[in-house]
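Residue numbers (the UniProt record's numbering): 1 to 147. Data block below; observations after.
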């Protein structure tokens, strides 16, 4: 298990998420862009407005997903010896990327997650080194490795 492998898994998963969100955003945009002649009924107008609101919400989620992908790419080739933004921490059962909130993925039988540097838990682990104990939520863990 190397940092490069872990980062690649995170970036691949995030890229797939961006693609899924972009596709869904386009679908909502197309569904909301009804021809004006087809929207004479007030119910159709209401439905069109509802779809546009969903589209705007999805665009916000897509923008955040793209931002997280950019964060991952910015730390792709860096190495760390202490826990800080951009580091990857092996906690045994779980591997954590610190710097962006990324949904959990399976990586070599371990749960791989991303935590935003704005998350309260980040402050509690920042500056720690291999062998130190950390608490993530209700779980206590020992830092086995930092990439």
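Backbone N, C-alpha and C define an ideal beta-carbon position, used for all residues, glycine too.
Contacting residues, own chain, Cβ-Cβ under 8 angstroms from residue i (five flanking each side not counted)
| i | result |
| --- | --- |
| residue 129 | 81, 82, 83, 143, 146 |
| residue 131 | 142, 143 |
| residue 24 | 58 |
Backbone secondary structure at residue i - three-state DSSP
| i | result |
| --- | --- |
| residue 116 | strand |
| residue 109 | coil |
| residue 145 | strand |
| residue 30 | helix |
| residue 122 | helix |
| residue 134 | strand |
| residue 83 | coil |
| residue 1 | coil |
| residue 92 | coil |
Whether residue i touches residue j by CB criterion (8 angstroms)
| i | j | result |
| --- | --- | --- |
| residue 6 | residue 112 | yes |
| residue 97 | residue 10 | yes |
| residue 14 | residue 65 | yes |
| residue 110 | residue 93 | yes |
| residue 22 | residue 51 | no |
| residue 135 | residue 124 | yes |
C-alpha gap between residue i and residue j, whole angstroms
| i | j | result |
| --- | --- | --- |
| residue 2 | residue 57 | 36 angstroms |
| residue 95 | residue 19 | 24 angstroms |
| residue 73 | residue 12 | 11 angstroms |
| residue 69 | residue 8 | 11 angstroms |
| residue 102 | residue 32 | 29 angstroms |
| residue 47 | residue 89 | 46 angstroms |
Spatial neighbours of residue i in its chain, beta-carbon cut-off 7 angstroms, leaving aside the 5 residues before and after
| i | result |
| --- | --- |
| residue 54 | 28 |
| residue 108 | 1 |
Same chain only: Cβ atoms within 6 angstroms of residue i, ignoring 5 sequence neighbours per side
| i | result |
| --- | --- |
| residue 86 | 75, 78, 99 |
| residue 117 | 85, 99 |
| residue 105 | 13, 112 |
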